[in-house]
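Single-structure report; data block below.
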Amino acid sequence: MSLQPWFTALEDAAGISTAGDLIHRPNAFIPLASLPKGNPVSVYWLRATVRTSDVPDPGEVLAFSHLTFVEVYLYEDSNLITHRLAGAFRPGSQLNDGDGRFFTILPLEKNKTYTILLRVQHTKHFQPRFDFEMLPKRQYFDIVRSREFIDAALLGAVTLFFVYTLLSWIVSRFRPYGWLLLFIGGVGCYVITSGGYWIDWFSPEHPAGAWLLNIHFLHAGTIGLYFLVADFWRLKKDFPKLYTWARLVPVIIAGSSVIIFFIDYFTGNYRLATLLTCLVGQPLMLAFVAAILYTCWPRLKPAQRYLAYGILLTEVAGLFLALNALIIHERTLSSISLVGACLVLTVFLLFSTGLKEEMRRHEVAKQAALEQLNRLQQHQNNFLEKRVEERTEQLRVSNQRLQNQKHQLAERNTKIELLINELNHRVKNNLQLLYSLLSLQLPMVSDNTSRDILMGNIGKIRAMMLVNEKLFNFEKGRSIGLCEFILELALHLQKIYDIKDKTRVLQNIPADLRLSDKHTLSFGLILSELFTNTFKHAFKDHPDPCIRVEAVMTGDRMLHFTYSDNGTGIPVNGTSEKFTMGIPLIKDLTRQMNGQMTITGDQGLSYSFTIPV
Numbered sequence: 055m056s057l058q059p060w061f062t063a064l065e066d067a068a069g070i071s072t073a074g075d076l077i078h079r080p081n082a083f084i085p086l087a088s089l090p091k092g093n094p095v096s097v098y099w100l101r102a103t104v105r106t107s108d109v110p111d112p113g114e115v116l117a118f119s120h121l122t123f124v125e126v127y128l129y130e131d132s133n134l135i136t137h138r139l140a141g142a143f144r145p146g147s148q149l150n151d152g153d154g155r156f157f158t159i160l161p162l163e164k165n166k167t168y169t170i171l172l173r174v175q176h177t178k179h180f181q182p183r184f185d186f187e188m189l190p191k192r193q194y195f196d197i198v199r200s201r202e203f204i205d206a207a208l209l210g211a212v213t214l215f216f217v218y219t220l221l222s223w224i225v226s227r228f229r230p231y232g233w234l235l236l237f238i239g240g241v242g243c244y245v246i247t248s249g250g251y252w253i254d255w256f257s258p259e260h261p262a263g264a265w266l267l268n269i270h271f272l273h274a275g276t277i278g279l280y281f282l283v284a285d286f287w288r289l290k291k292d293f294p295k296l297y298t299w300a301r302l303v304p305v306i307i308a309g310s311s312v313i314i315f316f317i318d319y320f321t322g323n324y325r326l327a328t329l330l331t332c333l334v335g336q337p338l339m340l341a342f343v344a345a346i347l348y349t350c351w352p353r354l355k356p357a358q359r360y361l362a363y364g365i366l367l368t369e370v371a372g373l374f375l376a377l378n379a380l381i382i383h384e385r386t387l388s389s390i391s392l393v394g395a396c397l398v399l400t401v402f403l404l405f406s407t408g409l410k411e412e413m414r415r416h417e418v419a420k421q422a423a424l425e426q427l428n429r430l431q432q433h434q435n436n437f438l439e440k441r442v443e444e445r446t447e448q449l450r451v452s453n454q455r456l457q458n459q460k461h462q463l464a465e466r467n468t469k470i471e472l473l474i475n476e477l478n479h480r481v482k483n484n485l486q487l488l489y490s491l492l493s494l495q496l497p498m499v500s501d502n503t504s505r506d507i508l509m510g511n512i513g514k515i516r517a518m519m520l521v522n523e524k525l526f527n528f529e530k531g532r533s534i535g536l537c538e539f540i541l542e543l544a545l546h547l548q549k550i551y552d553i554k555d556k557t558r559v560l561q562n563i564p565a566d567l568r569l570s571d572k573h574t575l576s577f578g579l580i581l582s583e584l585f586t587n588t589f590k591h592a593f594k595d596h597p598d599p600c601i602r603v604e605a606v607m608t609g610d611r612m613l614h615f616t617y618s619d620n621g622t623g624i625p626v627n628g629t630s631e632k633f634t635m636g637i638p639l640i641k642d643l644t645r646q647m648n649g650q651m652t653i654t655g656d657q658g659l660s661y662s663f664t665i666p667v
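Heads up: the sequence shown begins at 55 in the numbering used here, then just goes up one per residue.
Rendered as structure tokens:
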């Protein structure tokens, strides 16, 4: 039962009147319908007389909406029965047990007449609506439970979507999920605050402070929706001109949110804040939505258009709430829970549908790309197999050609080896023949000069025979060791010139020092000439003749060879007689090997050679 038809009212602009005074002054009140509009934040006193005849439930509920501060005085025959406190901004500790901010239970009895005196002050600067009504307690709480059940169902769905979006963002790190999370959280908190649940759950003792956050939750959700659109539609990349000025939208929203906060906090004028939101903020959002839909729609993908439907629906809901706020003011709060929750659910479902469509198209495109890739790979494999077959055939032909050439080279090498062996045998036989003939002629020569010449030739031939033998072995894979070669040559020449074996031959040559074939013959002839000259001229009447041979290989592939004796050396007046042929021959052979030679005559003769090998 509405009490408005039975109310008489009084405006207490100074706020100094008391219930004890006014209960005895019924003539000070005038009918509520005749009360002129006064200051919205003034104190108003309401008076009504109620007769409880045949009331089945004596406990009646006095309920109202939105008023911030209400004091209820119940009188019977001018006697105060009860004094109750209520109101949207009333701290919870001031409420009686069983009462709420928007209702109080009156202890009424049957068949009695009561006077209800109400002190009302509405501090939000909206014109107060005295929509008091009395309902049976059971009926009222059935209505409250039905409303709370609907709100719980809607908020439960919003919470589930919030958790799902949060988990999706954590798992995928897909940025639009983060903006959708901000949108759901902001609008969801706005719905919770508008329904009074935020105050009851988190700030029961400071309801006015908690109510300050109401519109700012909506602004946070709006910013989340903006970034969701900008990110999911890729405004920065695909629509750079639109994005240039659209970046101002979150700045404008944040700025207006700060201005509204200061207005609400310092003046409490929620009506002015609502007018700014409806007359300034909402037209700006309408212009933004119209601009992005007009600009972006032709180039949007089908998946992105689902979000466009959600944006359009959001703007329609915003216009609906803005018009309601301008017309019916605070009564709009009763529809915010339903509209806000349905809006969140719809935007979430549309975005999820668009994202699913995007993923489906991406999967289809990926499958098509994979099929194209498989076809290309198959084509490439066929091409490669063909190329491999062609190349294999070419290699087979080349291998066959190489095998034929190998057989030809093997046959040619065999013939060359036979010819070399034959040539070697012929050279060896010829040298042996010369050596034998000269050796047979040696006893028949009585002239010492001729005998010396003949013995020198025999030594040279023997050196060439030794070199030939070494080279023949080298062709068979053996290298020529310098130490072994010098020792054999020295022993042979010593048998010719030093029959008594008085001369000591000392070597200081590394065992692993070896000569290549191109140096062996020249080097052998040099050694033969050196040994021959020493045995013939150096040791006449010498008590301890000694020949010293040293060789070393440096890192730059240079052979340093030293030959020295402790003989008589080269007399000043006898050089031309002893070494008419020997020294020039040694110099020529050294020059042929690109080497250098030096001779010193201090305490015998010493020859030093530097030969590149």
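Even for Gly, the Cβ is constructed at its ideal location relative to N, Cα and C.
| Item | Value |
| --- | --- |
| Pair within 7 Å by beta-carbon distance, A87 and L64 | no |
| Nearest residue (CA-CA) to P564, options E604, K549, F589 and K572 | E604 |
| Alpha carbon of F663 to alpha carbon of L547, nearest angstrom | 21 Å |
| Length of the line joining the Cα atoms of G535 and K440 | 56 Å |
| T468 to F577 span [Cα, whole Å] | 30 Å |
| Residue interval of the beta strand (DSSP E) (run including P294) | First-last for P294: P294 to A300, but that is the alpha helix (DSSP H), not the beta strand (DSSP E). |
| Per-residue DSSP class, three states only, for N645 | Looking at the sequence provided, one finds Arg at residue 645 rather than Asn. Residue state, collapsed to three classes: helix. |
| Cβ-Cβ separation, I277 to I307 (assumed contact under 8 Å), whole Å | 6 Å |
| L35 and P337 closer than 7 Å at C-beta | Because the chain is modelled from 55 through 667, residue 35 falls outside the range shown and cannot be assessed. |
| Local Cβ density within 10 Å of W255, reported as buried at 16 or more and exposed below that | exposed |
| Opposing strand residues paired with E187 [DSSP bridges] | S56 and A117 |
| Among V104, H433, G364 and D506, the one whose alpha carbon lies nearest that of E163 | V104 |
| Which of helix, strand or coil DSSP assigns to G513 | helix |
| Residue burial classification, V626 (beta-carbon count within 10 angstroms, cutoff 16) | Summary for V626: the model assigns pLDDT 48, below 50, so the residue's position carries little reliability; its value from the coordinates is reported in the next sentence. Classification for V626: exposed. |
| Buried versus exposed call for R301 [16 or more other C-beta atoms within 10 Å across all chains shown] | exposed |
| Nearest to N511 (by Cα), restricted to the options K594, R385, S500 and L488 | L488 |
| The beta strand (DSSP E) enclosing I170, as first and last residue numbers | T167 to Q175 |
| First and last residue of the uninterrupted beta strand (DSSP E) at N562 | R558 to N562 |
| Rounded Cβ spacing between Q657 and N620 (contact assumed at less than 8 Å) | 6 Å |
| Alpha-carbon to alpha-carbon, D555 and K549 | 8 Å |
| For D571, the nearest candidate out of Q434, M518 and Q459 (CA to CA) | M518 |
| Proximal residues to P182 (C-beta, below 7 Å), its chain only, five neighbours per side dropped | P94, Y98, L121, V174 and H176 |
| Candidates F286, S490, R450 and S71, of which the one nearest F228 by Cα | F286 |
| For I665, the residue or residues it bridges with in DSSP | L613 |
| Extent of the continuous beta strand (DSSP E) run through P258 | No beta strand (DSSP E) holds P258; DSSP gives it neither H nor E. |
| Endpoints, the alpha helix (DSSP H) within which M339 is located | Q336 to C350 |
| Distance between beta carbons of Y244 and V115, contact taken as under 8 Å | 28 Å between Cβ atoms; not a contact. |
| Beta-ladder partner(s) of V305, from DSSP | Looking at the DSSP assignment, V305 forms no beta bridge with any residue, so it has no partner. |
| Residue interval of the alpha helix (DSSP H) (run including E130) | Premise fails: E130 lies in the beta strand (DSSP E), F123 to E130, not in any alpha helix (DSSP H). |
| Option in L367, F585 and K178 with minimal Cα separation from A544 | F585 |
| Three-way DSSP call (helix, strand, coil) for G621 in this model | coil |
| A140 (DSSP reduced to helix, strand or coil) | strand |
| Proximal residues to D292 (C-beta, below 7 Å), its chain only, five neighbours per side dropped | R353 |
| Beta-carbon contacts of L427 that lie in its chain and below 6 Å, excluding the five residues immediately before and after | none |
| Cβ neighbours of A395 in the same chain (closer than 6 Å, five flanking residues each side left out) | L208, V212 and V245 |
| Backbone CA spacing between M651 and T644 [nearest angstrom] | 7 Å |
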